Amino acid sequence: MNGSMTDQPDILCIGSVLWDVIGRTPRRMDVGYDVPGRITRLPGGVALNIAMTLRRFGLRPALLSAVGQDAEGEELIQACTRMGLATDHIYRSADLPTDRYMAIEGGNGLVAALADAHSLEAAGDKVLAPLMDGPLGTSALPYDGAIALDGNLTEGLLGEIARSPAFARADLRVAPASPGKAERLIPLLTHSRATIYLNREEAGLICLTKFETAVKAAKALIARGAHRVLVTDGGESAVLADAEGLLERTPPKVLVTRVTGAGDTFMAAHIAAELAGTARDAALDQALQAAAQYVAGESPA
Numbered sequence: 001m002n003g004s005m006t007d008q009p010d011i012l013c014i015g016s017v018l019w020d021v022i023g024r025t026p027r028r029m030d031v032g033y034d035v036p037g038r039i040t041r042l043p044g045g046v047a048l049n050i051a052m053t054l055r056r057f058g059l060r061p062a063l064l065s066a067v068g069q070d071a072e073g074e075e076l077i078q079a080c081t082r083m084g085l086a087t088d089h090i091y092r093s094a095d096l097p098t099d100r101y102m103a104i105e106g107g108n109g110l111v112a113a114l115a116d117a118h119s120l121e122a123a124g125d126k127v128l129a130p131l132m133d134g135p136l137g138t139s140a141l142p143y144d145g146a147i148a149l150d151g152n153l154t155e156g157l158l159g160e161i162a163r164s165p166a167f168a169r170a171d172l173r174v175a176p177a178s179p180g181k182a183e184r185l186i187p188l189l190t191h192s193r194a195t196i197y198l199n200r201e202e203a204g205l206i207c208l209t210k211f212e213t214a215v216k217a218a219k220a221l222i223a224r225g226a227h228r229v230l231v232t233d234g235g236e237s238a239v240l241a242d243a244e245g246l247l248e249r250t251p252p253k254v255l256v257t258r259v260t261g262a263g264d265t266f267m268a269a270h271i272a273a274e275l276a277g278t279a280r281d282a283a284l285d286q287a288l289q290a291a292a293q294y295v296a297g298e299s300p301a
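In UniProt numbering, the protein residues as written are 1 to 301.
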């Protein structure tokens, strides 16, 4: 365990904590293109992206993940600590390397990406030990705060979370991490305390169909037994569906300068607003505004 925090965290962020290697160019790209651009390496991963945004909203997040004891892992833990994120509960493996994510973004959006989260998957339930066997909670005394959870965990582990009494009282906020991992969320879809954040494509993969709008996607997920869902669709409408009905909002129009991390920013901003007691419609507006500022390059990467 590394890092420290004197106060109890406001929210736990469970999932990928890794290095993002992002290549960006303003030029349009297709398969086989070779163009000038900029390559950056930044702390990333869905759980970490969410935690960083929550921190900017004044919350105190704690990370639960797997990070290697290699040089990249030490550097990553130090970066997280400098940002004010609690790393005490991260599983540090001597045998597993620190995970990485690599993406290419062109003027036409995300061209391709690879997520190497094999160490997180290999760590398995060791990542959840602080919630299952203390110090954050146990099955007998479950954690009752907010948890942001990403789909980089294995389907088996997500299924265990869906069934475990240790998570029965938590305010679960769940994201698939990528379209390729959307189906991993199926065990959590009907969890009575889960809010599922996903885009229109990911909703289609879960429902084995293709939706024309976020509204249709949200309705289909509720029909499948989802407790609460928030479906985004890029620059088109975002829809919140729950027991109170459907709430639809259109994001601000901005010039897109980056894509990776936008969904995580949206989710974190929405969580922060709701934890602050913001009204349902205003919370969705705040999330859309934060995501728009992010993709326009007006907020920190």
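Cβ atoms here follow ideal geometry from the backbone N, Cα and C, with glycine treated the same way. Small disclaimer: the values here were computed from a predicted structure and weren't measured.
Length of the line joining the Cα atoms of residue i and residue j
| i | j | result |
| --- | --- | --- |
| D10 | N49 | 16 Å |
| K126 | G84 | 23 Å |
| D171 | H191 | 10 Å |
| R184 | L198 | 12 Å |
| A94 | N108 | 40 Å |
| L136 | A146 | 12 Å |
| R41 | E74 | 15 Å |
| G23 | I39 | 4 Å |
| R28 | G106 | 5 Å |
| C13 | C207 | 26 Å |
| L275 | G225 | 24 Å |
| T98 | A241 | 37 Å |
| K253 | A292 | 7 Å |
| V174 | A194 | 7 Å |
Beta-bridge pairing of residue i - partner residues as DSSP gives them
| i | result |
| --- | --- |
| S93 | G68 |
| I39 | G23 |
| M102 | V21, L114 |
| T138 | D133 |
| V239 | V231, E248 |
Residue span of the beta strand (DSSP E) that contains residue i, given as start and end
| i | result |
| --- | --- |
| D285 | Taken as a continuous stretch (DSSP letters only), D285 belongs to no beta strand (DSSP E), being part of the alpha helix (DSSP H) at 280-295. |
| E244 | No beta strand (DSSP E) holds E244; DSSP gives it neither H nor E. |
| L275 | Taken as a continuous stretch (DSSP letters only), L275 belongs to no beta strand (DSSP E), being part of the alpha helix (DSSP H) at 262-275. |
| L12 | 11-14 |
| D150 | 146-150 |
Helix, strand or coil at residue i according to DSSP, with G and I counted as helix
| i | result |
| --- | --- |
| P251 | coil |
| R60 | coil |
| D125 | helix |
| L48 | helix |
| E234 | According to the sequence shown, residue 234 is Gly rather than Glu. Of the three classes helix, strand and coil, the one that applies to G234 here is coil, per DSSP. |
| residue 337 | No information on residue 337 is available, as it lies outside the stretch 1 to 301 that the chain covers here. |
| T257 | coil |
| L109 | First, the amino acid is wrong: residue 109 is Gly here, not Leu. In the structure shown, G109 sits in a strand (DSSP, three-state: E or B). |
| E74 | helix |
| L153 | coil |
| S119 | helix |
Extent of the continuous alpha helix (DSSP H) to which residue i belongs
| i | result |
| --- | --- |
| L131 | 129-132 |
Of all the beta strand (DSSP E) runs that stay within the bounds of the stretch 155-227, which reach a length of 3 or more residues?
If we require 3 residues or more, the beta strand (DSSP E) runs fully inside the stretch 155-227 come out as 171-175, 194-199.
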